[in-house]
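Written out below as structure tokens is the structure these notes cover.
Number of protein chains: 2
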Amino acid sequence: MTYRLWYWPSIQGRGEFVRVSLEAGGIDYVDCAREEGVDALVENMEAYKRPPYAPPYLELDGMAIAHVANILLYLGERHALAPSNMADRYWLHQIELTIADMVAEAHNVHHPVGGGAYYEDQKDEAARAAQQFREERMPKFLGHFEAAAKANEGDWLIDHRWCYTDCSLFQLVEGLRYMFPKRMKTIEPDIPKLIAIHDAVADLPGVKSYLNSDRRLPFNEDGIFRHYPELDGQ
Amino acid sequence: MTYRLWYWPSIQGRGEFVRVSLEAGGIDYVDCAREEGVDALVENMEAYKRPPYAPPYLELDGMAIAHVANILLYLGERHALAPSNMADRYWLHQIELTIADMVAEAHNVHHPVGGGAYYEDQKDEAARAAQQFREERMPKFLGHFEAAAKANEGDWLIDHRWCYTDCSLFQLVEGLRYMFPKRMKTIEPDIPKLIAIHDAVADLPGVKSYLNSDRRLPFNEDGIFRHYPELDGQ
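For the protein sequence lines, the chains are P and U, in the order given.
Going by the numbering used here, the first sequence wraps up at 302, each residue one higher than the last.
Going by the numbering used here, the second sequence wraps up at 302, each residue one higher than the last.
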């Protein structure tokens with residue numbers, strides 16, 4: 069079976085967290101809007117009786133499963149991308165939801181006033197938001213993920229095998245390195261296990277070939293993680 | 069079995085979304101920090117091998133289940149507060165996650181620069197954020213929940229029985245009415261089914277007696293939904 073994934077075709081954005089797990093797991097999918105365009109995405113999204121609020125979503129038997137964490141929960145269960153016992157399942161979903169919160173806050177840094185206005189119209193507010201994000205939020209979130217990783221004795225978040233949440237931590241580090249290269253250089257020595265997980269995910273065969281393919285879009289200033297040098301700092 | 073819920077003891081906040089479902093379902097719980105205080109909460113939270121990022125969380129067999137949507141997913145499965153078939157389960161969780169997103173954006177309205185600074189130090193930014201939230205985000209989110217409700221022919225979000233997500237919609241409407249009374253007066257005629265669900269949840273025996281008890285804390289200006297009149301408008 070080939071999944072149909074719908075997401076904005078020109079950015080990594082939230083969709084990338086789904087793409088990385090699909091690629092790591094060698095799960096067949098079509099990135100529909102990259103083949104059919106944005107109009108097809110909007111048309112598809114509005115046709116569901118039970119509509120998603122926003123992309124990304126997985127089209128499946130006429131239904132849409134939306135929200136990154138919800139999609140990954142489904143893929144984790146269906147394709148064994150995570151342990152199936154109750155304690156591990158809720159723990160991984162919990163970390164995934166904390167990642168989602170950090171992603172939303174990272175977006176908020178360049179759009180503190182709201183997504184409906186341009187960055188250029190909220191640069192002063194963004195500068196203040198970025199300072200707080202760099203100084204307070206990044207150490208707190210990343211320190212939490214480091215502690216979560218250290219709760220496991222194996223090389224991954226859980227047991228001795230990668231799971232979908234490892235993939236999401238990889239993508240989070242990727243995004244933060246793009247958005248805050250100076251700040252990450254300062255922080256990374258404090259989060260060695262998180263960085264080791266990042267590197268190990270990058271080295272998974274499926275991910276490695278994905279990153280070298282043209283399916284991996286470059287980061288840009290339309291996505292979640294945007295590199296505005298004036299918002300970075302040590 | 070009596071659950072142990074941990075959340076800040078002086079606010080409704082995110083914890084309230086868990087409390088309302090527990091009360092609606094007649095599920096026994098202790099609101100631990102209201103009995104033992106904030107220090108006990110912090111001490112408890114830091115003692116887990118697999119730590120929650122933040123309250124609220126449910127203490128259960130030595131583990132912590134954190135994040136409102138994750139807790140409700142668990143309670144929904146364990147106590148039949150939601151249908152158990154796959155399509156309905158992911159659909160309700162999806163709506164719950166969209167509610168969580170709107171709650172985070174509502175908090176962002178009075179703290180656009182960040183939670184680490186006081187509202188008084190970001191009032192100008194908050195005024196701009198509030199305008200966009202009122203004019204663009206509220207109609208979009210609430211219109212989505214109305215469409216989600218209308219996807220079901222029964223009186224609730226799904227089938228002919230309340231589920232945990234109905235309870236969360238109740239609490240969302242409560243919070244928005246407190247935070248934006250003028251704006252909600254304008255919008256409510258456009259979301260009749262959502263308001264009907266709100267009213268029906270308020271009328272559930274467990275919720276009704278909860279709302280009349282001193283367990284229901286009043287809204288205040290330390291929580292997520294804060295009434296700053298200068299941020300409201302028609």
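The beta-carbon is built from N, C-alpha and C at its ideal position, and this holds for glycine as well.
Taking the C-beta atoms as reference points, A217/U is found nearer than 8 Å to K261/U. D258/P sits in a helix when the DSSP states are folded into three classes. At a cut-off of 8 Å between beta carbons, R118/P contacts chain U. In this structure, the beta-carbon distance from L299/P to A195/P falls below 8 Å.
For W74/U, the nearest beta carbon of chain P is not closer than 8 Å to its own beta carbon.
Contact between the stretch 154-165 of chain P and the stretch 232-250 of chain P is present: three or more C-beta pairs spanning the two stretches fall below 8 Å. The C-alpha of K117/U lies about 20 Å from the C-alpha of V106/U. Less than 8 Å divides the Cβ of S78/P from the Cβ of D290/P.
In the pairwise beta carbon analysis, the stretch 109-129 of chain U is classified as not touching the stretch 140-147 of chain P: fewer than three pairs are separated by under 8 Å.
DSSP places M131/P in the uninterrupted beta strand (DSSP E) bounded by M131 to A134. Where E127/P is concerned, the enclosing beta strand (DSSP E) starts and stops at Y125 to L128.
At a cut-off of 8 Å between beta-carbon atoms, V181/P makes contact with chain U. Taken in chain order, the unbroken stretches of alpha helix (DSSP H) that lie wholly in the stretch 181-211 of chain U and span 4 residues or more are 191-200.
Secondary structure at D271/P: coil, using DSSP grouped into helix, strand and coil. Counting along the chain, the unbroken alpha helix (DSSP H) around Y158/U starts and ends at M154 to H178. At the C-beta level, M113/P and P123/P come within 8 Å of one another. Residues of the stretch 128-143 of chain U with a C-beta atom less than 7 Å from some C-beta of chain P are M131, I133, A134, H135, A137, N138 and Y142, listed in chain order.
Counting C-beta pairs closer than 8 Å gives fewer than three between the stretch 264-284 of chain P and the stretch 79-99 of chain U, which falls short of the contact rule. If the five residues before and after I259/U are omitted, its C-beta is found closer than 8 Å to the C-beta atoms of L210, G211, F213 and E214, all from its own chain and listed in chain order.
With respect to the 8 Å criterion, M247/P and H295/P are classified as neighbours on the basis of their beta carbons. In the DSSP annotation of this structure, the continuous segment of the alpha helix (DSSP H) that includes L109/P starts and ends at V106 to E114. One alpha carbon belongs to E164/P, the other to H147/P, and they sit about 17 Å apart.
Straight-line spacing of the CA atoms in E173/U and T166/U works out to 11 Å. DSSP places Y75/U outside both helix and strand once states are collapsed to three, so it counts as coil. Using beta-carbon distances, Q162/U counts as an interface residue toward chain P, with a partner under 8 Å. Judged by DSSP secondary structure, Y97/P falls within the beta strand (DSSP E) whose first and last residues are Y97 to D99. The Cβ atoms of R202/U and G301/U sit closer than 8 Å to each other.
In this model, A137/P and A168/P are separated by some 7 Å (Cα to Cα). In the DSSP annotation of this structure, the continuous segment of the alpha helix (DSSP H) that includes T233/U starts and ends at Y232 to M247. Annotated as distal: V181/P and P151/U, with beta-carbon spacing of 8 Å or more. Distances from the alpha-carbon of V171/P to those of G81/P, V269/P, I265/P and W74/P put G81/P closest.
The C-alpha of R72/P is placed about 40 Å away from the C-alpha of T254/P. For A185/P and E221/P, the gap between their C-alpha atoms comes out near 45 Å. Nearest to I292/P by alpha-carbon distance, out of Q190/P, H175/P and R245/P, is H175/P. Using a 10 angstroms sphere on the CB of M206/U, the tally of other CB atoms reaches 16 or more, which defines it as buried.
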